[in-house]
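Position in the sequence shown (first residue = 1) + 19 = this note's numbering.
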Amino acid sequence: MKARNALFAVAMSVAMLACTEYGTKVCDYCEQNNPLKACQYGLECVDYMCVRPGGNLPGECGDQGAAEGGDDTYCVYQTCAASPIHPPLKEDLETLSDPFAFHPDTRVILPEDPAPTDQTAGDILQAQIKESHGVQLAVQAYTAGISLENAIVLGTEASNPGVQTLVSQLGLAVPGEGPSPGENYAFEITGNQILVAGLGDAGVLHGSQALKQLIRGEAVKSPSAPLESRVVKDYPDVERRTFTLLLMFYHVPPDNDGDGEQDPYKYTHVPVDLDIARAYLHHLSEFRYNTVLFSLADIVTWASLPQPQNTAISVSELMDLVTEANVYGLEVIPFLTGSSSSHGWIGTEDHPVEYTAEYSLANDEANLAIYKDVLQEIVSEFALVQPLQYFHIGMDEDLAFGPRSGDMHRQWVNEAYGLLTSNNVRMMIWHDTWTLTPDYLYNYANYPDMHVGVWHYSTFIPDDIYTKINDIVSKGMEVSQAILENGRTPDFERWFSNPSPLKQGFTGLFWIQTGTTCKQQSFDYLIPRNIRTDAQKFWNARTY
């Protein structure tokens, strides 16, 4: 960790020096360590950092520089160049006669009865145009006889008669292919109006987010300039486009007493920054993700686990965050592991769960009872806000089939499976590819409704992984892949070409952490680039 922090210090200095070449606005955002703001102007402060156990894959670091730290090599890429962001273009641009200019009387016309995501679509376009063009647009619902001139018209043909009228007049066709057609969209810019049409509400939001990127990117090149007329269409190749939001960050001292041995993990609680969590949700929506895993460690004061801490949030605050995700087009999957690992924990002052070779939960009936109570409370609370399809209970090396498993672990998985199944929720686990063996495949057969997420480590991908995965699929399991390093591994294209049901899975998973310690370690700098990198690959055009 010290090596990483030292490297960040050098890296940030390099970025700030490079920043001066691109103007005050860019430089200010880089120096303020505010990539979310920088991205609003289509700018990048830092591309990404890659961490490769045991070394780098060829060509990953190039001449950008690397620093050795123990057994790991950290590579930091630095840029601070103007980088306008454009939406993916399914077809070549069709240039029409006149550009579209924003005026004070320009309106955003939503469906007659707008869905929450429709309102979000209108709000984000209103805010972007205010920021980039200095024009405050009115947002209103469609009414009979309303003029469609000088307007941005959003919706589906079923939800907004104005969309139906313009689709017919312009001959605009939304793509119908892909694994989730309701997310497909098309938009057309003419001199008279902008039409954003989706096959479903999700497609309307995605199309509006793509239009927002276009407006922002064009404004970087030529502030306040009209938009050139064009047609843009796109649809996702991947049904589930997912990131993981770790709502608590733990600082773990490696050696408290100086004896050279790593102490059992003693977690130092860091307050959850809900504003940062919301900002990440907005950013995920902007790049058209549709699922987010909320990793729930001990950050919430549950009725069955009252842990009054100045770092905890209330159940209502958590559910407000879930609602925020929903209106930005993101389905939330709760993630609560019942064992102790780097991915969270559940425990009390009387029954602490520590990271030890024995895994104390494996021998603690009290903690298992607490876990089940909290599990049921989460399921019940989510049912009041959004339909709950999946519940993620942990990594398999911590569970019933991993090398650290024991009788208590098996009991825990069995009882969690039974509880979730009785609530019509599918249990979800992840399994590292390098430990995936045929024995585990046979054990999985005991849980026919379980979702198995296969976690790829870039340097530990077995040659026969797809044979193993297809074996699971043939047994009726639902399987997906989580690709470490956010798709920047050689395996990503191999994954796209694999003719298995994996394209319907949960992909591009990455830990987004929200504690204040993360900001000190510059995680905020790294995330936006990672989100964009994956977003480019999950849609049909795969380019911005």
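Backbone N, C-alpha and C define an ideal beta-carbon position, used for all residues, glycine too. Nothing here was measured: the structure is a model prediction, and the numbers come from that model.
Test item: CB-CB of residue i and residue j under 8 angstroms
{"i": "residue 235", "j": "residue 151", "result": "yes"}
{"i": "residue 254", "j": "residue 197", "result": "yes"}
{"i": "residue 499", "j": "residue 472", "result": "yes"}
{"i": "residue 356", "j": "residue 437", "result": "no"}
{"i": "residue 199", "j": "residue 215", "result": "no"}
{"i": "residue 136", "j": "residue 346", "result": "yes"}
{"i": "residue 158", "j": "residue 121", "result": "no"}
{"i": "residue 400", "j": "residue 323", "result": "no"}
{"i": "residue 165", "j": "residue 190", "result": "no"}
{"i": "residue 264", "j": "residue 244", "result": "no"}
{"i": "residue 156", "j": "residue 175", "result": "no"}
Boundaries (first-last residue) of the alpha helix (DSSP H) holding residue i
{"i": "residue 313", "result": "Residue 313 -> not in any alpha helix (DSSP H); beta strand (DSSP E) instead, spanning 310-314."}
{"i": "residue 344", "result": "334-346"}
{"i": "residue 397", "result": "384-402"}
{"i": "residue 468", "result": "Run containing residue 468: none; DSSP gives neither H nor E here."}
{"i": "residue 183", "result": "180-189"}
{"i": "residue 223", "result": "220-240"}
{"i": "residue 300", "result": "293-305"}
Proximity to residue i [Cα-Cα], best of the options
{"i": "residue 306", "options": "168, 348, 433", "result": "348"}
{"i": "residue 637", "options": "442, 137, 405, 233", "result": "The chain is shown from 20 up to 563; residue 637 falls before or after that span and cannot be answered."}
{"i": "residue 119", "options": "143, 263, 168, 434", "result": "168"}
{"i": "residue 123", "options": "171, 138, 129", "result": "171"}
{"i": "residue 310", "options": "293, 333, 350, 331", "result": "350"}
{"i": "residue 448", "options": "410, 440, 429", "result": "410"}
{"i": "residue 117", "options": "178, 210, 127, 446", "result": "210"}
{"i": "residue 588", "options": "132, 450, 192", "result": "A question about residue 588 goes unanswered here, because the residues of the chain that appear run from 20 up to 563."}
{"i": "residue 388", "options": "402, 428, 148, 175", "result": "428"}
CA-to-CA distance, residue j to residue i, given in whole angstroms
{"i": "residue 140", "j": "residue 487", "result": "42 angstroms"}
{"i": "residue 247", "j": "residue 221", "result": "25 angstroms"}
{"i": "residue 469", "j": "residue 218", "result": "30 angstroms"}
{"i": "residue 337", "j": "residue 407", "result": "15 angstroms"}
{"i": "residue 213", "j": "residue 466", "result": "50 angstroms"}
{"i": "residue 292", "j": "residue 194", "result": "39 angstroms"}
{"i": "residue 249", "j": "residue 339", "result": "38 angstroms"}
{"i": "residue 178", "j": "residue 432", "result": "44 angstroms"}
{"i": "residue 478", "j": "residue 146", "result": "Reliability fails at residue 478, whose pLDDT of 47 lies under 50, so the model's placement of it is uncertain and no value is given."}
{"i": "residue 439", "j": "residue 331", "result": "25 angstroms"}
{"i": "residue 186", "j": "residue 430", "result": "57 angstroms"}
{"i": "residue 188", "j": "residue 435", "result": "55 angstroms"}
{"i": "residue 183", "j": "residue 192", "result": "11 angstroms"}
{"i": "residue 398", "j": "residue 392", "result": "10 angstroms"}
{"i": "residue 308", "j": "residue 386", "result": "35 angstroms"}
{"i": "residue 148", "j": "residue 405", "result": "31 angstroms"}
Cβ-Cβ separation, residue j to residue i (assumed contact under 8 angstroms), whole Å
{"i": "residue 144", "j": "residue 230", "result": "7 angstroms"}
{"i": "residue 225", "j": "residue 202", "result": "6 angstroms"}
{"i": "residue 314", "j": "residue 262", "result": "No, residue 314 and residue 262 are not in contact; Cβ-Cβ is about 11 angstroms, not under 8 angstroms."}
{"i": "residue 173", "j": "residue 251", "result": "Contact doesn't hold; Cβ gap of about 14 angstroms is too wide."}
{"i": "residue 319", "j": "residue 334", "result": "6 angstroms"}
{"i": "residue 300", "j": "residue 238", "result": "Incorrect: roughly 24 angstroms between the Cβ atoms, too far for contact."}
Beta strand (DSSP E) segment containing residue i, residue limits
{"i": "residue 126", "result": "126-129"}
{"i": "residue 142", "result": "Not the beta strand (DSSP E): residue 142 falls in the alpha helix (DSSP H), residues 135-152."}
{"i": "residue 204", "result": "204-208"}
{"i": "residue 249", "result": "249-253"}
{"i": "residue 173", "result": "170-174"}
{"i": "residue 352", "result": "350-354"}
{"i": "residue 213", "result": "212-217"}
{"i": "residue 160", "result": "157-160"}
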